[in-house]
Amino acid sequence: MTTALFGHESSLGHVTPSGHPEQVARIEHIMAALKGPSFAALDRRDAPACSDDDILLCHPQTHLDAIAAAAPANGTVALDADTHMSPGSLAAARHAIGGCIAAVDAVLAGEVGNAFVACRPPGHHAETSTPMGFCLFGNAAIAAKHALERHGLSRVAVVDFDVHHGNGTQDLLWNESRSLFVGSHQNPLWPGTGMPEETGGHNNVMNLPLPPHSDGRLMRATYEAEVFPALARFEPELVIISAGFDAHADDPLAQLNWREDDFTWLTERLCDVAEQHAEGRVVSTLEGGYDLNALAASVAAHVSVLMERAG
Ligand SMILES: [Zn+2]
Numbered sequence: 001m002t003t004a005l006f007g008h009e010s011s012l013g014h015v016t017p018s019g020h021p022e023q024v025a026r027i028e029h030i031m032a033a034l035k036g037p038s039f040a041a042l043d044r045r046d047a048p049a050c051s052d053d054d055i056l057l058c059h060p061q062t063h064l065d066a067i068a069a070a071a072p073a074n075g076t077v078a079l080d081a082d083t084h085m086s087p088g089s090l091a092a093a094r095h096a097i098g099g100c101i102a103a104v105d106a107v108l109a110g111e112v113g114n115a116f117v118a119c120r121p122p123g124h125h126a127e128t129s130t131p132m133g134f135c136l137f138g139n140a141a142i143a144a145k146h147a148l149e150r151h152g153l154s155r156v157a158v159v160d161f162d163v164h165h166g167n168g169t170q171d172l173l174w175n176e177s178r179s180l181f182v183g184s185h186q187n188p189l190w191p192g193t194g195m196p197e198e199t200g201g202h203n204n205v206m207n208l209p210l211p212p213h214s215d216g217r218l219m220r221a222t223y224e225a226e227v228f229p230a231l232a233r234f235e236p237e238l239v240i241i242s243a244g245f246d247a248h249a250d251d252p253l254a255q256l257n258w259r260e261d262d263f264t265w266l267t268e269r270l271c272d273v274a275e276q277h278a279e280g281r282v283v284s285t286l287e288g289g290y291d292l293n294a295l296a297a298s299v300a301a302h303v304s305v306l307m308e309r310a311g
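Be aware that the sequence shown starts at 1, since it is given in our numbering, and climbs by one per residue.
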């Protein structure tokens, strides 16, 4: 088996204002990095558009209606200081969610060993009824709910290593006892949530704040001491990764000092967890990462491990 790579041209139609870090060029750089002979074995698939029912797994109809109504006919509109929509944003978001859902389907069907979804906008900051932090809908949380509700899984882990706290995923899965949400992130840093005391409605949320200027050594020690034991106790049947690459030392939005080999190590260890408990099943979806070259190199490192481990 191999790794599925889900993408869609609509990701290039979600346009943010000039100078915005969450930009079209992110996908262009990632796709350029995933060309060439080392990535020839990827099973490249178009991310389908999701349905309204998919979005309603996590969000109320009022949120979907509000996002649809906010979309501009031309130019861009600001939903808040960070989060913008262009005419193509809703379609892009639907394909980003649909890519995650199709990735779950393909991995659970055994068509591929694991999958990476290279779409935008990202999702982990979108709360139940609030778009936030470049995100419109909770892509990873919707994928988790899809696996639980429609595939009948009993336990799904969502591991978020983006440098910002995944407040949206935490909000959407707060009362979902069949999920374990584990997030590491820099603190202090926007959005300011993600303290260890935030443990979910069923002790199903685990937050690991990391201090600014810490590097991959602290990340590795923290995951070894806290995250991997918690994942082993939970015994996930599927591991979903919110893969943000903005903890990289070169990233302009944060001050952690991870390098590509840290993303390689973390991906390997998360694949170990999946092999021990989940038949190797991993679905990874792009979140942040804003230095274009560091993003491309880090995604290439991440996907290379997924391909090695796809079986
Ligand atoms: Zn981020």
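Think of the CB as a built atom: it goes at the ideal place given N, C-alpha and C, for glycine as much as any other residue.
1) Between Leu42 and Thr83, which are expected to be in contact by the criterion C-beta below 8 angstroms, what is the C-beta distance as a whole number of angstroms?
2) Ligand 1 heavy atoms versus the CB of His59: any closer than 7 angstroms?
3) Since I believe Val239 is in contact with Ala358 (beta carbons under 8 angstroms), could you give me their beta-carbon distance rounded to a whole number of angstroms?
4) Would you call the CB atoms of Glu235 and Arg150 closer than 8 angstroms?
5) With distances taken from CA atoms, which of Ala69, Thr222, Asn293, Gly194 is nearest His29?
6) Does the contact criterion of 3 or more C-beta pairs under 8 angstroms hold for the stretch 84 to 103 versus the stretch 67 to 75?
7) Which residue comes first and which comes last in the beta strand (DSSP E) that contains Asp160?
8) Rounded to a whole number of angstroms, what is the C-alpha to C-alpha distance between Asp251 and Asn187?
9) According to the Cβ coordinates, are Gly216 and Asp246 closer than 8 angstroms?
10) Helix or strand or just coil, what does DSSP make of Cys344?
11) I need the boundaries of the alpha helix (DSSP H) containing Val282, first residue and last residue.
12) Among Pro229, Gln255, Leu253, which one has its Cα closest to the Cα of Asp272?
13) Using only the heavy atoms of ligand 1, determine whether one of them is closer than 7 angstroms to the beta carbon of Glu127.
14) According to the neighbour-count rule (16 or more other Cβ atoms, all chains shown, within 10 Å of its Cβ), is Pro131 buried or exposed?
15) Along the chain, which unbroken stretches of the beta strand (DSSP E) at least 3 residues long are found entirely within the stretch 77 to 164?
16) Once DSSP output is grouped into helix, strand and coil, what is the label at Leu196?
17) Enumerate in chain order the residues of its own chain whose CB-to-CB distance from Leu79 is below 7 angstroms, with the five nearest sequence positions on each side excluded.
18) Do three or more CB pairs link the stretch 121 to 137 to the stretch 174 to 194 at distances below 8 angstroms?
19) How would you call Ser38, buried or exposed, if buried means at least 16 neighbouring beta carbons within 10 angstroms?
20) Quick one: grab the DSSP three-state call for His277.
21) Run through the DSSP bridge pairs and tell me what Gln186 is partnered with.
22) With Val305 as the anchor, note down where its alpha helix (DSSP H) starts and where it stops.
23) So, with DSSP's three-state summary, where would you put Asp251?
24) Once you ignore the five residues that flank Thr128 on each side, which residues in its own chain have a CB closer than 8 angstroms to its CB?
25) What is the C-beta distance between Ala178 and Ile27, in whole angstroms, given that I count them as a contact (C-beta under 8 angstroms)?
26) Would you say the beta carbon of Val163 comes nearer than 7 angstroms to a heavy atom of ligand 1?
27) Say yes only if the C-beta of Glu235 is nearer than 7 angstroms to one or more non-hydrogen atoms of ligand 1, and no if none qualify.
28) At what residues does the alpha helix (DSSP H) containing Pro169 begin and finish?
29) Can you find at least 3 beta carbon pairs, one from the stretch 250 to 265 and one from the stretch 104 to 121, that sit closer than 8 angstroms?
30) Output the boundary residues of the beta strand (DSSP E) element that contains Phe245.
Put simply:
1) Here Leu42 is actually not in contact with Thr83; their C-beta atoms are around 31 angstroms apart, not less than 8 angstroms.
2) No - ligand 1 has no heavy atom lying nearer than 7 angstroms to the Cβ of His59.
3) Any question about residue 358 goes unanswered here, given that the chain covers just 1 to 311.
4) no
5) Asn293
6) yes
7) 156 to 160
8) 15 angstroms
9) no
10) Summary: the structure shown does not reach residue 344, with the chain confined to residues 1 through 311, and so no result is reported for it.
11) Not the alpha helix (DSSP H): Val282 falls in the beta strand (DSSP E), residues 282 to 286.
12) Pro229
13) no
14) buried
15) 114 to 117, 156 to 160
16) Here the sequence assigns Pro to residue 196, which means Leu is not the residue at that position. Pro196 falls in the coil class under three-state DSSP.
17) Ala70, Met85, Pro131
18) yes
19) exposed
20) helix
21) Gln186 is bridged to Leu210.
22) 292 to 309
23) DSSP, reduced to helix, strand and coil, places Asp251 outside both helices and strands of the structure shown, so it counts as coil.
24) Contacts found: Cys58, His59, Pro60, His63, Asp171, Leu172.
25) The sequence given here has Arg at residue 178, not Ala. In fact, because the Cβ distance is near 32 angstroms, the residues do not count as touching under 8 angstroms.
26) yes
27) no
28) The sequence shown places Thr at residue 169, rather than the Pro named in the question. Run containing Thr169: 167 to 173, per the alpha helix (DSSP H) assignment.
29) no
30) Premise fails: Phe245 is in no beta strand (DSSP E) and is neither H nor E.
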